[in-house]
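Reviewing the structure listed below.
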Amino acid sequence: MTVLVLLEPRCKLTDSNLTTVSAAARLARRLGVELHAVWPGKKVEDQLALLAGLGIRCLHSVEDGVLPQFSHEAWVPFLADLARFLETRLIVAPSSALGKAWCAALAARLGAELVQDCTALEAAGDGTPLVEKPLYAGKIVAALRLVDSPALVTLRPNTVPLERTGEETPDIQFHSIPASNGLCIIQDVVWFAAGTVELAEARVVVAGGRGLGGPENWPLLRDLCDVLGAALGASRAVVDAGWIDQAHQVGQTGKTVSPDLYIACGISGTIQHLAGMRRAGKVVAINKDPAAEIFRHCDYGIVGDLHEVVPALTRELKARRQPVA
24 MTVLVLLEPR CKLTDSNLTT VSAAARLARR LGVELHAVWP GKKVEDQLAL
74 LAGLGIRCLH SVEDGVLPQF SHEAWVPFLA DLARFLETRL IVAPSSALGK
124 AWCAALAARL GAELVQDCTA LEAAGDGTPL VEKPLYAGKI VAALRLVDSP
174 ALVTLRPNTV PLERTGEETP DIQFHSIPAS NGLCIIQDVV WFAAGTVELA
224 EARVVVAGGR GLGGPENWPL LRDLCDVLGA ALGASRAVVD AGWIDQAHQV
274 GQTGKTVSPD LYIACGISGT IQHLAGMRRA GKVVAINKDP AAEIFRHCDY
324 GIVGDLHEVV PALTRELKAR RQPVA
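Here the numbering used here runs 23 ahead of the position in the sequence shown, where the first position is 1.
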């Protein structure tokens with residue numbers, strides 16, 4: 024019996040992949056079973072250093088060029104067969120678009136139970152996997168026991184700690200399987216980044232709303248992002264208005280983020296937006312309306328015009344980072 028982690032085939036392993044492995048490793052130790060992982064990308068050897076000390080017994084890969092990356096039609100049958108062969112108790116993946124899609128397809132093929140977008144993964148007293156999942160826009164958190172085997176779980180980024188023990192790297196097992204002759208052919212993959220930092224992965228997010236005044240004022244927030252190494256977020260209102268691409272949207276119909284710091288600039292604080300950033304560690308709100316709903320959900324509130332507050336904050340942070348003569 025094993026726990027199996029599905030890694031996301033980007034250029035390199037992201038933090039959400041690594042923390043997912045770490046959570047799965049803790050559960051595998053509690054269950055007394057081996058932890059295995061699947062790398063559905065190319066150059067598997069390049070990933071070993073990043074996976075050192077995470078407790079993976081074996082890293083499974085398919086010979087380069089046999090199966091196209093991101094192809095559900097090609098990969099899901101292979102993943103299902105591998106899960107059956109390994110007698111997998113639990114399959115865990117990052118709660119990304121690809122991770123959620125593959126787990127949904129796998130759950131259907133395996134006839135298994137699936138819980139998406141979880142914020143915790145532990146073991147109950149009897150060893151049964153136990154997950155936490157926010158419901159109703161984060162108003163409640165449900166604790167769910169996964170009694171069937173196999174079961175599938177996807178984990179939100181930045182919700183579980185990354186833990187390494189030692190420097191041991193996993194063994195690699197290559198699988199030789201026929202090339203895919205599926206109906207769907209992926210011609211190209213284009214990565215679109217919401218900014219210099221991936222929004223869902225970011226430890227710091229600076230987000231703007233209608234209080235920004237117009238799309239010409241995004242440089243105010245981008246400058247602050249540059250100083251903090253932050254990702255740029257946005258409310259649905261400004262996305263719908265065409266001020267910025269939907270890739271930046273935070274909220275119930277956008278991306279869910281769990282940064283250490285979330286700075287909301289000119290955002291009123293609708294329930295839909297709060298659902299996307301409710302699990303932020305610290306929230307700073309900047310709004311000139313003292314009655315704005317966002318002030319009821321922040322740790323620090325600044326009542327003022329963001330066009331004055333944000334540049335002043337950026338200047339102060341830059342000054343503090345200057346070396347002392």
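Cβ atoms here follow ideal geometry from the backbone N, Cα and C, with glycine treated the same way.
Through-space distance from residue j to residue i, alpha-carbon basis
i, j, result
"Gly78", "Pro184", "14 Å"
"Arg338", "Leu247", "9 Å"
"Leu353", "Leu244", "Residue 353 lies beyond the residue range present for the chain, which begins at 24 and ends at 348; the question has no answer from this structure."
"Gly237", "Asp268", "14 Å"
"Thr279", "Asp171", "28 Å"
"Ala124", "Arg168", "22 Å"
"Pro5", "Leu137", "Residue 5 lies beyond the residue range present for the chain, which begins at 24 and ends at 348; the question has no answer from this structure."
"Ala253", "Ile200", "42 Å"
"Met300", "Cys321", "11 Å"
"Arg259", "Gly148", "42 Å"
"Glu186", "Ala46", "8 Å"
"Cys126", "Phe108", "17 Å"
"Gly55", "Ile114", "16 Å"
"Ser94", "Pro100", "11 Å"
"Glu224", "Asp140", "14 Å"
"Leu50", "Ile294", "34 Å"
Contact set for residue i: own chain, Cβ-Cβ below 8 Å, skip 5 residues either direction
i, result
"Asp328", "Lys311"
"Val250", "Thr337, Leu340, Lys341, Arg344"
"Trp62", "Leu30, Pro32, Gln70, Leu82, His83, Ser84"
"Lys35", "Asp69, Gln70, Leu73"
"Trp241", "Gly231, Leu235, Leu255, Trp266, Ile267"
"Tyr323", "Lys305, Val306, Val307, Ala308"
"Leu222", "Val228, Ala254, Leu255, Gly256, Ala270, His271, Val273, Lys278, Val280"
"Asp194", "Arg80, Cys81, Leu82"
"Pro313", "Val326"
Whole-number beta carbon distance between residue j and residue i, since they are thought to touch under 8 Å
i, j, result
"Pro173", "Ala106", "6 Å"
"Pro117", "Asn40", "6 Å"
"Gly231", "Val261", "6 Å"
"Leu178", "Thr43", "5 Å"
"Arg53", "Gly150", "7 Å"
"Ala130", "Leu175", "5 Å"
Cβ of residue i within 7 Å of any chain C Cβ
i, result
"Ala97", "Absence of chain C from the displayed structure is noted, only one protein chain being present."
Own chain partners of residue i with C-beta closer than 7 Å, once the 5 adjacent residues on each side are dropped
i, result
"Ala298", "Ala160, Gly161, Gly274, Gln275"
"Ala166", "Leu153, Glu155"
"Glu191", "Ala75, Gly76"
"Leu133", "Ala103, Ala106, Pro173"
"Ala48", "Leu58, Leu77, Gly78"
"Ile317", "Ala287, Ile290, Ser291, Gly292, Ala308, Asn310"
Same chain, Cβ closer than 6 Å to residue i, five either side skipped, listed in chain order
i, result
"Ile309", "Cys288, Ile325, Leu329, Val332"
"Arg302", "Ser281"
"Thr111", "Thr25, Leu27, Pro173"
"Leu121", "Glu31"
"Asn181", "Ser281"
"Arg226", "Pro282, Asp283"
"Thr188", "Gly76"
Which residues DSSP lists as bridging residue i, in chain order
i, result
"Cys141", "Leu178"
"Glu57", "Thr25"
"Cys288", "Gly231, Ile309"
"Phe197", "Ser84"
"Pro63", "In DSSP, Pro63 forms no bridge with anything."
"Ile6", "Since the first residue of the chain shown is 24 and the last is 348, residue 6 is not available in this structure."
heavy atom of the ligand SAM below 6 Å from residue i C-beta
i, result
"Leu167", "With respect to small molecules bound, the structure shown includes none, and the ligand SAM cannot be examined in it."
Point to revise | Validate contact between the region 140-154 and the region 60-71 using beta carbons, cut 8 Å, 3 pairs | key: Remark: fewer than three beta-carbon pairs, one from each stretch, lie closer than 8 Å, so the region 140-154 and the region 60-71 are not flagged as touching.
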